[in-house]
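Heads up: the sequence shown begins at 2 in the numbering used here, then just goes up one per residue. Note that beta-carbon positions come from the ideal geometry of N, C-alpha and C, so glycine has one too. Treat the numbers as computed from the prediction; the structure is a model and nothing was measured. Accompanying notes for the structure given below.
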Amino acid sequence: MGAAMIAALVGGTPQSKAAEGSLEVMAGQVATTIDLKVSGQIAPKTGLFLRGITTADYDGDVSHFGLADVSYNIVDGLDAVAEVQLASVMGVVPRVGAQYFGKFGDVSIYTLATVKAMENPDGEFVVNLGYTPKLTEEVRLLTNLENLTSVGAEGHQFSTQKVRTGLTFQEKYQVGAGIDLTELGPKGELTYSAGGFVGLKF
């Protein structure tokens, strides 16, 4: 789904606020990943977040992952969440849970906890930490860590971390270095892809 179509879906209702989002291309030594995020308000106290991740390795294998979150604000920073995930390896997976977002000066924190709402439930836990102080009027430092952990009946299923450090220019253009790590199974078998990224905020 293209960025323009996603933005139209998020921002196309009379009560909605303008959509905002980001597009990142990360080229590592193992694969190149495109990460598109779009969010907006679709009704009072109700938000929509869409994310699509496409990964292509250098052997020609391509994988896709997408999700859609509908959130409803309970109190400042805390929302109830209904989520649908879609990937070729797992099909469609509905989830429910809660999220929290807070911003404290140049520091931001986002957390999300969900449970699979179908047979063989599991838990997913997301933490995203950012630190983006101004260096000049036009330039910010960009530092970000995102961790996702999935836990099932037999324990740890997988974890992923996305680490980014770089610069943001004019509150819009981003460039820097990054590493994506994945730990699989109870023993946490590690794989990683390190390289550089460019990004655009819109």
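Taking the alpha carbon of residue i as the reference point, which residue from the options has its own alpha carbon closest?
i: L130; options: I35, V116, E147, L143; result: E147
i: L201; options: T192, E184, Y174, E21; result: Y174
i: T56; options: T34, S72, G103; result: T34
i: Q171; options: K188, K163, D181, V140; result: V140
Within 10 angstroms of its Cβ, does residue i collect 16 or more other Cβ (buried), or is it exposed?
i: V204; result: Residue 204 lies beyond the range of the chain shown here (2 to 203); nothing can be said about it.
i: M2; result: With a pLDDT of only 42 at M2, under the threshold of 50, the placement of this residue in the model should not be trusted; the figure read from the coordinates follows. Answer is exposed; the Cβ neighbour count stays below 16.
i: E190; result: exposed
i: L49; result: buried
i: M6; result: Confidence in M6 is poor, its pLDDT being 34 and thus under 50, which makes the residue's placement too unreliable to answer from.
i: E138; result: exposed
i: A154; result: exposed
i: T169; result: buried
Report the CB separation of residue i from residue j in whole angstroms; it is logged as a contact under 8 angstroms.
i: E176; j: G167; result: According to the sequence provided, residue 176 is Val. The question's Glu does not apply to it. Yes, V176 and G167 are in contact; Cβ-Cβ is about 5 angstroms, under 8 angstroms.
i: G124; j: V152; result: 5 angstroms
Is residue j closer than 7 angstroms to residue i when the C-beta atoms are compared?
i: G98; j: V82; result: yes
i: E25; j: F198; result: yes
i: A32; j: D58; result: yes
i: P134; j: L142; result: yes
i: R165; j: G156; result: no
i: G78; j: G103; result: yes
*Could you pull out every unbroken beta strand (DSSP E) segment of at least 3 residues lying fully inside the stretch 127 to 192, listed in chain order?*
For the stretch 127 to 192, whole beta strand (DSSP E) runs of length 3 or above, ordered along the chain, are 140 to 153, 156 to 170, 174 to 185.
*Along the chain, which unbroken stretches of the alpha helix (DSSP H) at least 4 residues long are found entirely within the stretch 61 to 85?*
Listed in chain order, the alpha helix (DSSP H) runs fully inside the stretch 61 to 85 amount to none, counting runs of at least 4 residues.
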